[in-house]
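Peer 1: The sequence shown begins at 349 in the numbering used here and counts up one residue at a time.
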Amino acid sequence: MHLAADYILVPMLSDIFSLQGIMQLNETIERVRSYCNPDIKVLGAFLTKHNPRTRFSREVEGTLNMVAADLDFSVMNTYIRESVALREAQSLQKSVLEYAPGCNAVKDYEKLADELFQRGLEANG
Numbered sequence: 349m350h351l352a353a354d355y356i357l358v359p360m361l362s363d364i365f366s367l368q369g370i371m372q373l374n375e376t377i378e379r380v381r382s383y384c385n386p387d388i389k390v391l392g393a394f395l396t397k398h399n400p401r402t403r404f405s406r407e408v409e410g411t412l413n414m415v416a417a418d419l420d421f422s423v424m425n426t427y428i429r430e431s432v433a434l435r436e437a438q439s440l441q442k443s444v445l446e447y448a449p450g451c452n453a454v455k456d457y458e459k460l461a462d463e464l465f466q467r468g469l470e471a472n473g
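1. Excluding sequence positions up to five away, which residues of its chain have a Cβ less than 7 Å from the Cβ of Glu-463?
2. Does DSSP classify Phe-421 as helix, strand or coil?
3. To the nearest angstrom, how far is it from the Cα of Gln-466 to the Cα of Leu-391?
4. Determine whether the beta carbon atoms of Cys-445 and Leu-412 lie at a separation below 8 Å.
5. Give every residue of the same chain whose Cβ lies closer than 7 Å to the Cβ of Arg-406, excluding the five residues on either side of it in the sequence, and list them in chain order.
6. Please report the Cβ distance between Asp-363 and Val-408, rounded to the nearest whole angstrom; I am assuming they are in contact, meaning their Cβ atoms lie under 8 Å.
7. Determine the extent of the alpha helix (DSSP H) in which Tyr-447 is found, giving its start and end residues.
8. Which residue comes first and which comes last in the alpha helix (DSSP H) that contains Gly-369?
9. Is the beta carbon of Ile-494 less than 8 Å from the beta carbon of Ile-356?
10. Between the C-alpha atoms of Lys-389 and Asp-354, what's the straight-line distance to the nearest angstrom?
Take a look at the structure:
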């Protein structure tokens with residue numbers, strides 16, 4: 349049996365609990381490889397609600413890079429900045445693209461999509 353996914357993209361809050369959860373996620377991915385899809389690949393992890401101006405966020409990012417290296421997957425260069433527009437759009441049950449198309453979060457997600465496209469091209473030749 350094969351699952352429908354070939355790649356896994358891991359969104360992570362820029363916090364300690366997400367770092368702890370990445371280890372559990374890795375165990376789940378290994379089980380999926382063992383029982384369902386040996387070819388599934390982690391395309392990368394990326395941080396959300398990230399504020400690189402704070403020491404805490406920079407420490408989370410540094411720790412994520414170390415953990416990712418140990419688990420043999422990459423961290424996306426793009427992160428999604430913390431944004432009030434994301435919370436407001438969610439409370440109004442709208443996409444952030446619909447609610448605030450020019451906000452930083454939309455720009456970040458567009459940049460992430462570009463990075464994913466490039467990684468996909470590299471992975472598939």
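C-beta: ideal position from N, C-alpha, C; glycine also.
Peer 2: Inspection of the coordinates gives the following:
1. Numbered from 1 along the sequence shown, position 115 holds the residue referred to as residue 463. Short of 7 Å from the beta carbon of Glu-463, and not among the five residues preceding or following it, lie these beta carbons of its own chain, in chain order: Met-424, Asn-425, Thr-426.
2. The count along the sequence shown starts at 1 and reaches residue 421 at position 73. In the structure shown, Phe-421 sits in coil (DSSP, three-state: anything other than H, G, I, E or B).
3. Numbered from 1 along the sequence shown, position 118 holds the residue referred to as residue 466. Numbered from 1 along the sequence shown, position 43 holds the residue referred to as residue 391. Per the coordinates, the alpha-carbon of Gln-466 lies some 11 Å from the alpha-carbon of Leu-391.
4. As a working note, residue 445 is residue 97 in the sequence shown. As a working note, residue 412 is residue 64 in the sequence shown. What sits at residue 445 in the sequence shown is Leu, not Cys. In this structure, the beta-carbon distance from Leu-445 to Leu-412 does not fall below 8 Å.
5. In the sequence shown, residue 406 corresponds to position 58, counting from 1. For Arg-406, where only same-chain residues beyond five positions count, the Cβ hits under 7 Å are Pro-400.
6. For the purposes of this step, residue 363 is taken as residue 15 along the sequence shown, with counting starting at 1. For the purposes of this step, residue 408 is taken as residue 60 along the sequence shown, with counting starting at 1. Contact between Asp-363 and Val-408 holds: CB atoms are separated by about 7 Å, below the 8 Å threshold.
7. The residue labelled residue 447 in the question sits at position 99 within the sequence shown. 444 to 447 is the span of the alpha helix (DSSP H), which, as asked, contains Tyr-447.
8. Counting from 1 along the sequence shown, the entry for residue 369 is found at position 21. Unbroken alpha helix (DSSP H) run through Gly-369: 364 to 383.
9. No answer is possible for residue 494: the residues shown for the chain start at 349 and end at 473.
10. Here the question's residue 389 lines up with position 41 in the sequence shown. Here the question's residue 354 lines up with position 6 in the sequence shown. Taking the straight line joining both Cα atoms gives about 6 Å.
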